[in-house]
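One structure is given here, and the rest of the page talks about it.
Residue numbers (the working numbering): -15 to 328.
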């Protein structure tokens, strides 16, 4: 590959954007193309190079090494008599590193939204983790082997952090009873929770992680900034990571007011969260030296990345060690995204 200058910036357009990942000196784009998805590399000049077109549905993409991994559900037999989860890994040049299938099932593709669905939940070292409707499957890129585990709770959130898979488990019988009275004002009742880690296929409680959380903090939990985050974005909330334990972080969104347009947000690779705070200013929340939800402001083109009342914008964004990249889609133009990438 040709050398990339230390400083660069370029704009490009994408039709039917599915995912965007910041790479090493370049960006990766996954877009819908009929019943397929097209994977492309965007170099530092904004030029697009097609890598591969993949048939299937439920596509997702994440960074892996100096390349990316793409997961999907696709036909696994003639006449589509069977389906499977398929994974493709490519390096920085777009060359195939690994390509395989797992979780094979009898029957053809289902209408999206009516089956169990698959979700790419993250990459931990050389293992790509997907959730297939409550069953967690880890595909090892280097060996081709798979690891299977059940989610700790049906529909429960699983976070792929730097040193393993974690989940937030509610251990309070009052919460599990089902009938919860939420007051009109105030934080409401507090319920006991704990962090659990997947160890040899079993969810084991992490010592010294039990604490109380409100119903809203449990409901709005997310994998954000290198930790398991409880609560929404307009108030400070507890975040847990193995390196820090429970800490208070945020808020990452300003409290809503009529004087300022809503702040678009986007989730990037490795649990990064991006907030378009004002024209030309995107705040990045990430796993930094200060623990989970470290904060950094990124400067971006103000004419493209700007808050609007109407039409509201959809933000897609990501950052790597060398590249910042993002796309904006206007409400009236859902199929076309205007994008930018620049050096860090």
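The beta-carbon is built from N, C-alpha and C at its ideal position, and this holds for glycine as well. This structure is a prediction, so every number in the text was calculated from the model and none was measured.
query                                                                                                                                                                        : result
Enumerate in chain order the residues of its own chain whose CB-to-CB distance from residue 15 is below 8 Å, with the five nearest sequence positions on each side excluded. : -2, -1, 0, 1, 2, 21, 22, 24
Comparing C-alpha positions only, which one of 90, 46, 51 sits nearest to residue 63?                                                                                        : 90
With a floor of 3 residues, list each beta strand (DSSP E) that falls wholly inside the region 214 to 267, ordered by position along the chain.                              : 221 to 225, 229 to 233, 249 to 251, 257 to 262
Residue -5 to residue 186, Cα distance in whole Å?                                                                                                                           : 46 Å
Can you tell me whether residue 283 is buried or exposed? The criterion is at least 16 other CB atoms within 10 Å of its CB, across all chains shown.                        : exposed
If you draw a straight line from the alpha carbon of residue 383 to that of residue 103, how long is it in whole angstroms?                                                  : Any question about residue 383 goes unanswered here, given that the chain covers just -15 to 328.
Which runs of the beta strand (DSSP E) at least 3 residues long sit entirely within the region -12 to 43? Give them in chain order.                                          : -7 to -1, 1 to 6, 11 to 17, 20 to 26, 32 to 39
Name the DSSP beta bridge partners of residue 181, please?                                                                                                                   : 150, 188
Decide if residue 312 is buried, meaning its Cβ has at least 16 other Cβ atoms within 10 Å, or exposed.                                                                      : buried
So the candidates are 39, 82, 57; which of them puts its Cα closest to the Cα of residue 49?                                                                                 : 82
Within 10 angstroms of its Cβ, does residue 33 collect 16 or more other Cβ (buried), or is it exposed?                                                                       : exposed
Starting from residue 123, follow the beta strand (DSSP E) in both directions and report where the run begins and ends.                                                      : 119 to 124
Apart from the five residues on each side of it in sequence, which residues of its chain come closer than 7 Å, Cβ to Cβ, to residue 251?                                     : 257
Looking at residue 304 and residue 42, is the spacing between their C-beta atoms short of 8 Å?                                                                               : no
Name the DSSP bridge partner or partners of residue 143?                                                                                                                     : 150
Report buried or exposed for residue 222, applying the criterion of at least 16 other Cβ atoms within 10 angstroms of its Cβ.                                                : buried
When you compare the CB positions of residue 180 and residue 151, do they come within less than 8 Å of one another, or not?                                                  : yes
For residue 158, does the three-state DSSP call read helix, strand or coil?                                                                                                  : helix
State the CB to CB distance for the pair residue 314 and residue 297, rounded to an integer number of angstroms; the pair is presumed to be in contact (CB under 8 Å).       : 6 Å
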